[in-house]
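So the structure is just underneath, and the comments pick up after that.
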Amino acid sequence: MLSYQHGYHAGNFADVHKHSILTLVLNYLRRKPKPFTVFDVYAGRGLYGLHTTQAQKTGEAEQGILKLADAPWPALLGDYRQALRAVNAQDSLRYYPGSPMISHSLTREATDLVLCELHPQEFLALQQTFAGKGRRVHLHRRDALEALRALLPPSSRRGLVLIDPSYERAGDYTAVGDAVAGALQKWPAGVYMLWYPVLADGRHQGLLRRLEQSERPWLRSELQVRRPGIGMHGSGLFLFNPPYVLPEQLARLADWYEPLGQDGVATLQNFVSGHF
């Protein structure tokens, strides 16, 4: 199934949650001068207009990044703000960078970006977004989970894998769990970021129980913006081998997410493994 297009959802509260944490992880990886690789296996088109017909149809950015645009930004999220400014003129927010563009903006020339997208229209747009961006950007039109099996581990030995499925198919939670388990066996030293929706019916819980059984250090972060009901009421991130500074950083950022709450104050909860 290739129906999902992120243009309808770009800049929503889940993007804010996911991408703010992505910038913290990239900042940590940049601290060492040694090269690293970023794998983004559900890359999308890389850059989204917030005034397009798709974005205007849902208005999700208005409940997400646009709520925070004029708010005070903590120093910890300076990289996130930098990535937004890199694709916008002055202080306006007409465009929202997807995770591939954020990673490109915040990494050095020695960092390879491996971007995978299967949807034909999204892949064409991704090619256009990264045209002329240099040889360090490697584009693949291929299935995300197959790419994990085929492309890991990288020669750099350090890096990040971002896995951001739409979970449209009934078997996606099982397939993603299998793929992550296999990837960890092939490249146990990598940092893994897996996004999942927080849903009232709890269909994501089986995946979380499976991931939490791992002996690898992990961190789970959930941002809830409304009471459970129909559809997605929160955004979740599960990280293997997270930066050791991340729990303390997220604790300091909890108040920043509050404007995203739609029926009260937004809550950010973070959990860590006993192996952390």
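Numbering (the working numbering), first residue to last: 2 to 277.
Built from N, CA and C at the ideal position, the CB exists for glycine as well.
In the DSSP secondary-structure assignment, R221 is bridged to F239, F272. The continuous alpha helix (DSSP H) containing F124 extends over residues 121-130. In the displayed model, V246 falls within coil according to three-state DSSP, outside both helix and strand. Taking a contact to require three or more Cβ pairs closer than 8 Å, the segment 21-31 and the segment 161-180 qualify as touching.
Within the same chain, Cβ atoms closer than 8 Å to the Cβ of R95 are found at G50, L51, H52, N89, the five residues on either side in sequence being excluded. In terms of Cα proximity to A148, the closest of G172, L125, A180 is A180. With distances taken between CA atoms, R170 lies nearest to H205 out of R82, Q64, H205. In this structure, the alpha-carbon of D113 lies about 19 Å from that of L146. When the Cα atoms are used, A151 and G207 turn out to be separated by approximately 26 Å.
Contact check for A84 against P98 passes: the beta carbons are separated by less than 8 Å. Of the residues assessed, G237 falls on the buried side of the cut-off, its CB having 16 or more other CB atoms within 10 angstroms.
Here the C-alpha atom of A76 lies approximately 11 Å from the C-alpha atom of R253.
Closest by C-alpha distance to W196, out of D256, R210, Y168, is Y168.
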